[in-house]
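**Student:** My questions all concern the structure below.
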Amino acid sequence: MLDPASHVGAIKGIGPKAEERLGRLGIETVWDLLLHLPMRYEDRSKSVPLKSLEAGQEALVTGQVVGVDMPRGRRQSLLVHLTDETGYFHLRWFHFSRGQRDGLRVGCWVRAYGAIRFGSDGIEMVHPDYRVFSDEPGPSTEGLAPVYPSSAGLTSKRMRQWTSDALVILDDLGTSTLESDFANFADALRFLHRPTADENAAKRLETARKRVVLDEFLSHYLVLRRRRERHKTLETTPLPSVAGLGRQLLSSLGFHLTPAQARTTTEILNDLSASTPMMRLLQGDVGAGKTIVAAFAAIRAVENEGQVAIMAPTEVLAEQHFETFSRWLEPLGIRVGLITGRLRAAARRERQTEVADGDLDVVVGTHALFQDEVTFRQLVLAIVDEQHRFGVHQRMQLRDKGHLPHQLIMTATPIPRTLTMALYADMDVSVIDELPPGRQTIQTRVLGPAQRERVISYVEANSMRGQQTYWVCTLIEDDDEIDAHAAETVFAEFEAKLSSKCGLVHGRMNGDQKSAVMAAFKAGEIAVLVATTVIEVGVDVPNATLMVIDNAERLGLAQLHQLRGRVGRGSEASACLLLWEHPVSEVARQRLETLRSSNDGFKIAERDLELRGPGDILGTRQTGEQAFRVADLGRDAHLIGEVASLGDRLLTEDPDNVAKIIATWVERPGRYADV
Ligand code: ADP
Ligand code: MG
215 MLDPASHVGA IKGIGPKAEE RLGRLGIETV WDLLLHLPMR YEDRSKSVPL
265 KSLEAGQEAL VTGQVVGVDM PRGRRQSLLV HLTDETGYFH LRWFHFSRGQ
315 RDGLRVGCWV RAYGAIRFGS DGIEMVHPDY RVFSDEPGPS TEGLAPVYPS
365 SAGLTSKRMR QWTSDALVIL DDLGTSTLES DFANFADALR FLHRPTADEN
415 AAKRLETARK RVVLDEFLSH YLVLRRRRER HKTLETTPLP SVAGLGRQLL
465 SSLGFHLTPA QARTTTEILN DLSASTPMMR LLQGDVGAGK TIVAAFAAIR
515 AVENEGQVAI MAPTEVLAEQ HFETFSRWLE PLGIRVGLIT GRLRAAARRE
565 RQTEVADGDL DVVVGTHALF QDEVTFRQLV LAIVDEQHRF GVHQRMQLRD
615 KGHLPHQLIM TATPIPRTLT MALYADMDVS VIDELPPGRQ TIQTRVLGPA
665 QRERVISYVE ANSMRGQQTY WVCTLIEDDD EIDAHAAETV FAEFEAKLSS
715 KCGLVHGRMN GDQKSAVMAA FKAGEIAVLV ATTVIEVGVD VPNATLMVID
765 NAERLGLAQL HQLRGRVGRG SEASACLLLW EHPVSEVARQ RLETLRSSND
815 GFKIAERDLE LRGPGDILGT RQTGEQAFRV ADLGRDAHLI GEVASLGDRL
865 LTEDPDNVAK IIATWVERPG RYADV
């Protein structure tokens, strides 16, 4: 007897080889197999008349064999000519067995399904899925045949056989019920694997898929809520207000906090005073001023004799944070240190000892902070900047270095509200929703290849005015495969052509080289910095007023917005020039237009979601973490809006359904470790 937890090997026809291949798709149990949904369907319900076949489509054809031959072209092939009352058509095989050839005789009937293409003898079907009949067959009984996203040599035909067997387990399995045309989850799942072909099929399939996706979104939300509930019962060291060092920093800053900074700082300090470990997301557009808010949190921790870890996604950014925090905190007697991957062994050991002994209060670092050798004497607060670059697991690793430290996660990527509610349901959220005063709005222009030379002279003019320019390329060096300007080439061109002092920074340079160039740019010794997208995150040079993005058509909206945020940080008017090259896709054109017409990160994020889906927003792409197994955020994000309210209602009114949803997605497949 099969049950959901049975290993796929228990299904008839799945041997060790198929099992291994399924394993590569993440399918281990019968339940995994059922949650592996078809990506599309072949309509095998009706034969297409032979005369109306067209290249580029897939079709079911039925005809009588009127001729078989084996022309000797460049490659030998088997050609089978068919006819029905409307016309003629032929099937072709390049590989065939003798038995196959013998089975396809003149006079018999063939029904075949496949893609139609242009061949040397007109349109044809190559290696179709076919059956032979001795007489004219009746109407097709095959209906809609699911096609599975598969790889590693697993055909949809075999997948269909296996899922047929697996579907039996749904008969007495309790799954969730929700208001929908498919109230029962099991019915929706069954329909997706075995749809009935009628005129409503497309619509019913859509409804069934939505039902399944909604169930999956709900499971995610419910797990996060449960985690949050559990989190609220934990106890850690409260960090109450003590020495007033915060006020001291405030008065030495030289600027006033914006109301949004003041509000979010209060929210965070309130969390820290409690004995429940803080778990807060601090969201704010680029340049909104998150760092100073984090600094107040750090001060609070140090006042309570605790240590703080601040994690940044790149060395450039870690160094910048180190500088900023040193500048702000050292005058208060707080000791700040830096640990990055490029510290030499001896220096690193020394730094580690200082951390372990508690000689450093605040430690800024990159991934290097995760390493086991780094131990803290008393870690009470972990601050993670630019959260989308790190995965959940890395965050947890850092958390485990203390005894339930408070956690502050900062992200510059504005996340649309609907997504925040559902996807960060385990965190409290603070939003800095205004920029510091006096910021110049950044003028954004979209320019084509014809204007390139003018842009270059404009860069020179910008240097003459004593201001600095970023010139961002999407490639490091010329690439035969990719037609785009490369940073090294542009740098060489500028050095020859411009009188401005130029610098080059890209991801393949080592850390020392990179930070030397960044330091020179910061100090104003370099006027034009040619860079790859390594400078995307967090770099702060107020005198840089011009951002040129070469081949802007190749970058995503979120990334373009981040890059643009590198300018407009000082008091001078700033501009962002988006240079495109042919060809520009329609979506790329819309991205550039969105950016030209808006400076509002949240608006841009919403638009990004519409245009592409939030893979980058959620960071699943960078970290390789697969957030969902059925849901596709790009396509299904609009369903998330109802997840939070529906989930909350289920939590209070229908624990039975909650249990079933969690069983479906979390417990049964054993996929998401409940971190
Ligand atoms: P982000 O939110 O992108 O991390 P930062 O914290 O780097 O932004 O702040 C960007 C710049 O704005 C920094 O130079 C910072 O010192 C400055 N800044 C922050 N808050 C204010 C404020 N309230 N008034 C003026 N300048 C501010
Ligand atoms: Mg920042």
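Residue numbers (the working numbering): 215 to 889. Every residue gets a Cβ at the ideal spot worked out from N, C-alpha and C, and that includes glycine.
#1: Just verifying my parser: in three-state terms, what is the DSSP assignment at Ser-859?
#2: For the ligand MG, any of its heavy atoms closer than 7 angstroms to the Cβ of Ala-626?
#3: Between the C-alpha atoms of Asp-429 and Arg-374, what's the straight-line distance to the nearest angstrom?
#4: Output the boundary residues of the beta strand (DSSP E) element that contains His-895.
#5: Under 7 angstroms from any heavy atom of the ligand ADP, does the C-beta of Leu-471 make it?
#6: How long is the line joining the alpha carbons of Val-449 and Gly-460, rounded to whole angstroms?
#7: From what residue to what residue does the alpha helix (DSSP H) around Thr-479 run?
#8: When you compare the CB positions of Asp-298 and Pro-883, do they come within less than 8 angstroms of one another, or not?
#9: In or out: Val-501 buried (at least 16 other Cβ within 10 Å) or exposed?
#10: Return the CA-CA distance between Arg-666 and Arg-425, expressed in angstroms with no decimal places.
#11: Please state whether DSSP places Arg-440 in a helix, a strand or coil.
#12: Name the one or two DSSP bridge partners that Leu-899 has.
#13: Count the other CB atoms, across all protein chains shown, that sit within 10 Å of the CB of Leu-832; report buried if there are 16 or more and exposed otherwise.
#14: Taking contact to mean 3 or more Cβ pairs, one atom from each stretch, closer than 8 angstroms, check whether the stretch 487 to 499 and the stretch 519 to 539 are in contact.
#15: Using C-beta distances below 6 angstroms, list every residue in its chain close to Gly-503, excluding the 5 sequence neighbours before and after it, in chain order.
#16: How about Arg-562 and Ile-553: do their beta carbons lie closer than 8 angstroms?
#17: Suppose the cutoff is 6 angstroms on Cβ atoms and the five residues either side in sequence are ignored; what does the same chain contact list for Ala-219 look like?
#18: Could you check if Gln-497 belongs to the surroundings of the ligand ADP, using beta carbon to heavy atom distance under 7 angstroms?
#19: Does the Cβ-Cβ distance between Phe-431 and Thr-479 come in under 8 angstroms?
#20: Which of the three DSSP states is assigned to Gln-727 in this structure?
#21: Who are the near neighbours of Leu-774 in its chain, counting only those whose CB is closer than 6 angstroms to its CB and skipping five residues on each side?
#22: From the DSSP output, which residues share a beta bridge with Gln-521?
#23: When the Cα of Thr-688 is compared with those of Gly-770, Thr-759, Lys-728 and Gln-682, which residue comes out closest?
#24: Which two residues bound the contiguous alpha helix (DSSP H) that contains Met-373?
#25: Kindly provide the ranges of any alpha helix (DSSP H) runs that are 4 or more residues long and lie completely inside the stretch 794 to 823, ordered along the chain.
#26: Between which two residues does the alpha helix (DSSP H) carrying Ile-170 extend?
#27: Taking only the alpha-carbon atoms, compute the straight-line gap between His-902 and Glu-600 and give it to the nearest angstrom.
#28: Is the closest heavy atom of the ligand ADP to the C-beta of Lys-260 under 7 angstroms?
#29: Pick from Ala-802, Lys-736, Asn-813 and Val-282: whose alpha carbon is nearest that of Ala-789?
#30: List the endpoints of the continuous beta strand (DSSP E) containing Phe-332.
#31: When the Cα atoms are used, what is the spatial distance from Leu-712 to Asn-765?
#32: From the DSSP output, in three-state form, read off Ile-548 for me.
#33: Once you ignore the five residues that flank Pro-263 on each side, which residues in its own chain have a CB closer than 6 angstroms to its CB?
#34: Could you tell me the alpha carbon to alpha carbon distance between Arg-863 and Val-872, rounded to whole angstroms?
#35: Which of the three DSSP states, helix, strand or coil, is assigned to Gln-773?
#36: Going by CA-CA distance only, name the one from Asp-693, Pro-663, Pro-452 and Ile-506 that's closest to Thr-472.
**Tutor:** Once the coordinates are examined:
#1: Along the sequence shown, read from residue 1 onward, the residue named residue 859 stands at position 645. In the structure shown, Ser-859 sits in a helix (DSSP, three-state: H, G or I).
#2: On the sequence shown, position 412 is the one that residue 626 refers to. Yes, the Cβ of Ala-626 comes within 7 angstroms of a heavy atom of the ligand MG.
#3: One-based indexing of the sequence shown puts residue 429 at position 215. One-based indexing of the sequence shown puts residue 374 at position 160. Rounded to whole angstroms, Asp-429 to Arg-374 spans 23 angstroms at the Cα level.
#4: In the structure as shown, the chain starts at 215 and stops at 889, and residue 895 therefore has no counterpart that could be examined.
#5: Indexing the sequence shown from 1 puts residue 471 at position 257. Under cutoff, so the answer is yes.
#6: Position 235 of the sequence shown, counted from the first residue, corresponds to residue 449. Position 246 of the sequence shown, counted from the first residue, corresponds to residue 460. The identity of residue 449 in the sequence shown is Glu, whereas the question assumes Val. Rounded to the nearest angstrom, the gap between the Cα atoms of Glu-449 and Gly-460 is 25 angstroms.
#7: Here residue 479 corresponds to residue number 265 of the sequence shown, with the count starting at 1. Taken as a continuous stretch (DSSP letters only), the alpha helix (DSSP H) holding Thr-479 covers 473 to 487.
#8: As a position in the sequence shown, residue 298 is number 84, starting the count at 1. As a position in the sequence shown, residue 883 is number 669, starting the count at 1. No.
#9: Within the sequence shown, the letter at position 287 stands for residue 501. Strictly speaking, residue 501 in this sequence is Gly, with Val absent from that position. That one is buried.
#10: Here residue 666 refers to the residue found at position 452 of the sequence shown. Here residue 425 refers to the residue found at position 211 of the sequence shown. Cα to Cα, Arg-666 sits roughly 50 angstroms from Arg-425.
#11: As a first step, residue 440 is located in the sequence shown; it is residue number 226 there, counting from the start. Helix at Arg-440.
#12: Residue 899 lies beyond the residue range present for the chain, which begins at 215 and ends at 889; the question has no answer from this structure.
#13: Here residue 832 is taken as the residue at index 618 of the sequence shown, counted from 1. Confidence at Leu-832 is low in this model, with a pLDDT of 44, below 50, so its placement is unreliable and no value can be given for it.
#14: no
#15: The count along the sequence shown starts at 1 and reaches residue 503 at position 289. Here the set comprises Gln-475 and Pro-650.
#16: Position 348 of the sequence shown, counted from the start, is the residue given in the question as residue 562. Position 339 of the sequence shown, counted from the start, is the residue given in the question as residue 553. Going by C-beta atoms, Arg-562 is nearer than 8 angstroms to Ile-553.
#17: Residue mapping note: residue 219 aligns to position 5 of the sequence shown, counting from 1. Thr-243.
#18: Here residue 497 refers to the residue found at position 283 when the sequence shown is read from its first residue. The ligand ADP has no heavy atom closer than 7 angstroms to the beta-carbon of Gln-497.
#19: Taking the sequence shown and counting its residues from 1, one reaches residue 431 at position 217. Taking the sequence shown and counting its residues from 1, one reaches residue 479 at position 265. No, the Cβ-Cβ distance between Phe-431 and Thr-479 is not below 8 angstroms.
#20: Sequence index remark: in the sequence shown, residue 727 carries index 513 (1-based). In this structure, Gln-727 counts as helix in the three-state DSSP scheme.
#21: Locating residue 774 in the sequence shown gives position 560, counting from the first residue. The answer, listed in chain order, is Leu-809.
#22: Mapped onto the sequence shown, residue 521 falls at position 307. Answer by DSSP bridge pairing, in chain order: Leu-593.
#23: Locating residue 688 in the sequence shown gives position 474, where the first residue counts as 1. Minimum Cα distance to Thr-688 is reached at Gly-770.
#24: Taking the first residue of the sequence shown as position 1, residue 373 is located at position 159. 370 to 380 is the extent of the alpha helix (DSSP H) around Met-373.
#25: 800 to 811
#26: Outside the shown range of the chain (215 to 889) lies residue 170, about which nothing can therefore be said.
#27: Outside the shown range of the chain (215 to 889) lies residue 902, about which nothing can therefore be said.
#28: In the sequence shown, counting from the first residue as 1, residue 260 sits at position 46. It does not: the Cβ of Lys-260 is nowhere closer than 7 angstroms to a heavy atom of the ligand ADP.
#29: As a position in the sequence shown, residue 789 is number 575, starting the count at 1. When only C-alpha atoms are compared, the closest one is Asn-813.
#30: On the sequence shown, position 118 is the one that residue 332 refers to. Start and end: 323 to 333.
#31: Residue numbering aside, residue 712 sits at position 498 when the sequence shown is read from its first letter. Residue numbering aside, residue 765 sits at position 551 when the sequence shown is read from its first letter. Cα to Cα, the separation comes out at about 21 angstroms.
#32: Indexing the sequence shown from 1 puts residue 548 at position 334. It is coil, neither helix nor strand.
#33: For the purposes of this step, residue 263 is taken as residue 49 along the sequence shown, with counting starting at 1. Scanning its chain for C-beta atoms nearer than 6 angstroms, with the 5 sequence neighbours on each side dropped, one finds around Pro-263 the residues Thr-300, in chain order.
#34: In the sequence shown, counting from the first residue as 1, residue 863 sits at position 649. In the sequence shown, counting from the first residue as 1, residue 872 sits at position 658. Going from the Cα of Arg-863 to the Cα of Val-872 covers about 10 angstroms.
#35: For the purposes of this step, residue 773 is taken as residue 559 along the sequence shown, with counting starting at 1. In the structure shown, Gln-773 sits in a helix (DSSP, three-state: H, G or I).
#36: As a working mapping, residue 472 is identified with position 258 in the sequence shown. Minimum Cα distance to Thr-472 is reached at Ile-506.
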